[in-house]
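Student: Chains as they are written, first to last, in our numbering: chain A, 3 to 48; chain B, 95 to 340; chain C, 43 to 261.
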Amino acid sequence: MPDLGAYSFFVLSSYGMAILVLLGLCILTVSQYRSAKRKLAKLNEN
Amino acid sequence: MTTRFWKFANPHHFGKLVVASTPFLWSFSFLFVATGLLWGFLFTPDDFRQGSTVKIIFVHVPSTLMAINCWLMMLLSSIIWMVRRHRISILAAKAAAPVGLSFTLVALISGGLWGQPMWGTFWAWDPRLTSFLILFLHYITYQLIWIYIADRESAANISSLVCLVGSVFALLSRYAVNLWSQGLHQGATLSLDQETNIHNAYYLPLIICIVGFVLLFITLVLVRTRTEIIRNQIELMEKSRRKHNA
Amino acid sequence: MLTLIARDLRANFRTGSGIWLPLTMFLTIVVLIPIGIGPDVDLHATIAPAILWIGVVFSVFLFLDRIFSPDLEDGFLDRIAASDLPLEKYVWCKIIVLWISSGLLLTILTPFLGLFLNLPLPVGLMCSSSILAGSPALAAIGCLGGGIGTFNRHGNLLQTVIVLPLSIPILIFGTKSVIAYSNGEPYLTWILQLSGISLASIAIFPFLISYALKTVLEE
Chain A
3 MPDLGAYSFF VLSSYGMAIL VLLGLCILTV SQYRSAKRKL AKLNEN
Chain B
95 MTTRFWKFAN PHHFGKLVVA STPFLWSFSF LFVATGLLWG FLFTPDDFRQ
145 GSTVKIIFVH VPSTLMAINC WLMMLLSSII WMVRRHRISI LAAKAAAPVG
195 LSFTLVALIS GGLWGQPMWG TFWAWDPRLT SFLILFLHYI TYQLIWIYIA
245 DRESAANISS LVCLVGSVFA LLSRYAVNLW SQGLHQGATL SLDQETNIHN
295 AYYLPLIICI VGFVLLFITL VLVRTRTEII RNQIELMEKS RRKHNA
Chain C
43 MLTLIARDLR ANFRTGSGIW LPLTMFLTIV VLIPIGIGPD VDLHATIAPA
93 ILWIGVVFSV FLFLDRIFSP DLEDGFLDRI AASDLPLEKY VWCKIIVLWI
143 SSGLLLTILT PFLGLFLNLP LPVGLMCSSS ILAGSPALAA IGCLGGGIGT
193 FNRHGNLLQT VIVLPLSIPI LIFGTKSVIA YSNGEPYLTW ILQLSGISLA
243 SIAIFPFLIS YALKTVLEE
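And the structure:
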């Protein structure tokens, strides 16, 4: 852990925010893909 | 070459491409983003003027770049849709919009978090910041059109129209705000002439971060486009089934 | 084409609201903002161009949902689309009507309302000429929003979000020209650029709007 000095809040929160937003987008994308695929498979079964 | 590219306008070929490439794309984009961010966070020295806030550059610059490039990609796909009517093209634009919106959001927030300690304010009505806010508004408009126009065909037409007009007016606003007095934001960080580039210690991790963000963008757009194609299929099947039952 | 313009203008005059409502909106904004700020006369003069311009933007965009939806409801739009009159010409007439019944009227009113805001008459005249140069583009943008807004029950939201980012450069150029004039800087380039945007808009937007309307008609 590097010494961030007085600015630790700003550096940490910008990294955290970016990782949160991008990871959230990745999870959303994958879950949407999976649910769409599942729905298609169900439709094909019937 | 051209025929090989247009082959992927066929949803079947496109689907095979996505299925084959996503495992590599996911792993490589995570690898690059993680390496770049960790290197930037842990192993770069503090700037003698900006202190440790210089580390925000590894989040801020790649997301800014991708926010603009994503809009360009959407513009290109919209034009391809209007000219050649390839459905995947407009679905790719639709898929890219939330990704671009997120990158813009990351760029705006990280910029604010960098601005507060350096300029003493989260937000300034400086040319660069203002034009980025305008880009953000354009993204929101584009996204809302897809949300609120239910019919897919009309939504595709209207959204590509709005993307086209929006690009021209976004450029106009960029030009207009540039004529305000020069703001707080510094000039270009990266350029091809070495003289103005940032120090080597920051250069390499920054490049790795940018590559990672580009890969992440490609991955997300490919997977989201595939999702949209599947949803299209589902809608068509449900429609035909309803007709069959009735 | 003239008959189309005359028909719509007459309809606007007959109902009254078509021309009075933009004026009232403009007046409301110009009166309410100084009242909200308080009697700081110097501040009024500084922000007067912005107030007048924002007033114009709001009044032009006041009822975009009334541009095309009456014609869509009574089938006039379908008849136009089926006739040999190009849809683009019809849309062009709509832009001109919107401009006359909002932008042009406000242009005439601006120098007098500028006096309320402690704006000297020459600056007020400059402001009104910049509004004259910029409002056709606003009318074209408004018609685009109105055309897309005819889609469904979310049309009002859609037209607002479409119109908002597009009006930004017009607003910047418009206020900048007035501020440059009152600071004694060269201002002509701004006006010329603004009129260039307006001319290009009223030339190109009819094609875009009729593309949108065709999509609506097909749905």
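Think of the CB as a built atom: it goes at the ideal place given N, C-alpha and C, for glycine as much as any other residue. These figures come from a predicted structure and were not determined experimentally.
Could you give the DSSP three-state label for C:G197: helix, strand or coil?
Tutor: Here residue 197 of chain C refers to the residue found at position 155 of the third sequence. Looking at C:G197 - three-state DSSP - the assignment turns out to be helix.
Student: Once the 5 residues before and after C:G188 are set aside, which same chain residues still bring their CB inside 7 Å of it?
Tutor: Within the third sequence, numbered from 1, the residue matching residue 188 of chain C stands at position 146. Excluding sequence neighbours, C:G188 sits near L106, D107, I109, F110 and Q201.
Student: Using beta carbons (cut-off 8 Å, strictly below), is B:W208 in contact with chain A?
Tutor: The count along the second sequence starts at 1 and reaches residue 208 of chain B at position 114. Chain A, which has a Cβ nearer than 8 Å to the Cβ of B:W208, makes this yes.
Student: Among the residues of its own chain, which have a CB less than 8 Å from the CB of C:I173, if the five just before and after it don't count?
Tutor: Start at 1 with the first residue of the third sequence, and residue 173 of chain C comes out as number 131. Contacts found: L94, W95, V98, G145, L148, T149, T152 and G216.
Student: DSSP has B:D141 in a bridge; who is on the other side?
Tutor: As a position in the second sequence, residue 141 of chain B is number 47, starting the count at 1. Answer by DSSP bridge pairing, in chain order: B:G145.
Student: Compare the C-beta of B:N251 against all C-beta atoms of chain C and say whether one is closer than 8 Å.
Tutor: Here residue 251 of chain B refers to the residue found at position 157 when the second sequence is read from its first residue. True, the Cβ-Cβ gap to chain C drops below 8 Å.
Student: Applying the criterion that 16 or more other CB atoms from any shown protein chain within 10 Å of the CB defines a buried residue, is B:E329 buried or exposed?
Tutor: Along the second sequence, one-based indexing puts residue 329 of chain B at 235. So B:E329 counts as exposed.
Student: Measuring CB atoms only, is the segment 229 to 240 of chain C touching the segment 153 to 163 of chain C, in the sense that at least three cross pairs come out at less than 8 Å?
Tutor: Short answer: they don't touch.
Student: With a threshold of 8 Å on Cβ separation, who are the neighbours of B:L125 within its own chain once the five nearest residues in sequence on each side are excluded?
Tutor: Translated into the one-based positions of the second sequence, residue 125 of chain B becomes position 31. Only G306 meet the Cβ criterion.
Student: Closest Cβ-Cβ distance between B:H107 and chain C: below 8 Å?
Tutor: Here residue 107 of chain B refers to the residue found at position 13 of the second sequence. So, not an interface residue.
Student: Taking B:F118 as part of the alpha helix (DSSP H), name the residues at either end of that continuous run.
Tutor: Taking the first residue of the second sequence as position 1, residue 118 of chain B is located at position 24. Segment P105 to L136, the alpha helix (DSSP H) holding B:F118.
Student: Against chain B, does C:E227 count as a neighbour if the rule is that its beta carbon must be under 8 Å from one of theirs?
Tutor: Here residue 227 of chain C refers to the residue found at position 185 when the third sequence is read from its first residue. No, because no Cβ of chain B sits closer than 8 Å to the Cβ of C:E227.
Student: Measuring CB to CB, does C:G184 end up less than 8 Å from C:V205?
Tutor: The residue labelled residue 184 of chain C in the question sits at position 142 within the third sequence. The residue labelled residue 205 of chain C in the question sits at position 163 within the third sequence. Contact flag set, yes.
Student: Name the chain A residues whose beta carbon is nearer than 7 Å to that of B:R325?
Tutor: Within the second sequence, numbered from 1, the residue matching residue 325 of chain B stands at position 231. Within chain A, the residues near B:R325 are A38.
Student: Could one say the Cβ of B:P211 lies closer than 8 Å to chain A's Cβ atoms, at least one of them?
Tutor: As a position in the second sequence, residue 211 of chain B is number 117, starting the count at 1. Yes, contact with chain A.
Student: Can the beta-carbon of C:P211 be found closer than 8 Å to that of B:L266?
Tutor: For the purposes of this step, residue 211 of chain C is identified with residue 169 of the third sequence, where counting begins at 1. For the purposes of this step, residue 266 of chain B is identified with residue 172 of the second sequence, where counting begins at 1. For C:P211 and B:L266, yes; Cβs fall inside 8 Å.
Student: C:A254 by DSSP, collapsed to three states: which one?
Tutor: Taking the first residue of the third sequence as position 1, residue 254 of chain C is located at position 212. The answer is helix: DSSP assigns C:A254 an H, G or I state.
Student: Quick one: which chain B residues come within Cβ less than 8 Å of C:V133?
Tutor: Counted from its first residue, the third sequence places residue 133 of chain C at position 91. Within chain B, no residue comes near C:V133; the closest Cβ sits about 13 Å away, beyond 8 Å.
Student: Whole angstroms is fine: what's the gap from B:I203's alpha carbon to B:V193's?
Tutor: In the second sequence, counting from the first residue as 1, residue 203 of chain B sits at position 109. In the second sequence, counting from the first residue as 1, residue 193 of chain B sits at position 99. Approximately 15 Å between the Cα atoms of the pair.
Student: Please classify B:W175: is it buried, with 16 or more other beta-carbons within 10 angstroms of its beta-carbon, or exposed?
Tutor: Residue numbering aside, residue 175 of chain B sits at position 81 when the second sequence is read from its first letter. Per the 10 Å Cβ criterion, buried.
Student: So, helix, strand or coil for C:E227, using DSSP?
Tutor: Along the third sequence, read from residue 1 onward, the residue named residue 227 of chain C stands at position 185. In this structure, C:E227 counts as coil in the three-state DSSP scheme.
Student: Taking the C-alpha atoms as reference points, what is the distance between C:F247 and A:A8?
Tutor: For the purposes of this step, residue 247 of chain C is taken as residue 205 along the third sequence, with counting starting at 1. For the purposes of this step, residue 8 of chain A is taken as residue 6 along the first sequence, with counting starting at 1. Distance between the alpha carbons of C:F247 and A:A8: 53 Å.
Student: Quick one: is B:P342 buried, meaning 16 or more other Cβ sit within 10 Å of its Cβ, or exposed?
Tutor: In the structure displayed, chain B extends from 95 to 340; residue 342 of chain B sits before or after that span and is not available.
Student: For C:M168, which residues from the same chain have a beta carbon less than 6 Å from its beta carbon, with the 5 sequence-adjacent residues on both sides left out?
Tutor: Stepping through the third sequence from its first residue, residue 168 of chain C is reached at position 126. Around C:M168: V220 and Y223.
Student: Curious, which full-length alpha helix (DSSP H) runs of at least 4 residues does the segment 87 to 163 of chain C contain?
Tutor: Complete alpha helix (DSSP H) runs here, min 4: 107 to 115, 118 to 124, 129 to 140 and 147 to 158.
Student: For C:P248, which three-state DSSP category applies?
Tutor: As a position in the third sequence, residue 248 of chain C is number 206, starting the count at 1. It is helical.
Student: Tell me which same chain residues have a C-beta within less than 7 Å of the C-beta of B:Y233, skipping the five on either side of it?
Tutor: Here residue 233 of chain B refers to the residue found at position 139 when the second sequence is read from its first residue. Result list for B:Y233: A191, G194, L195 and T198, in chain order.
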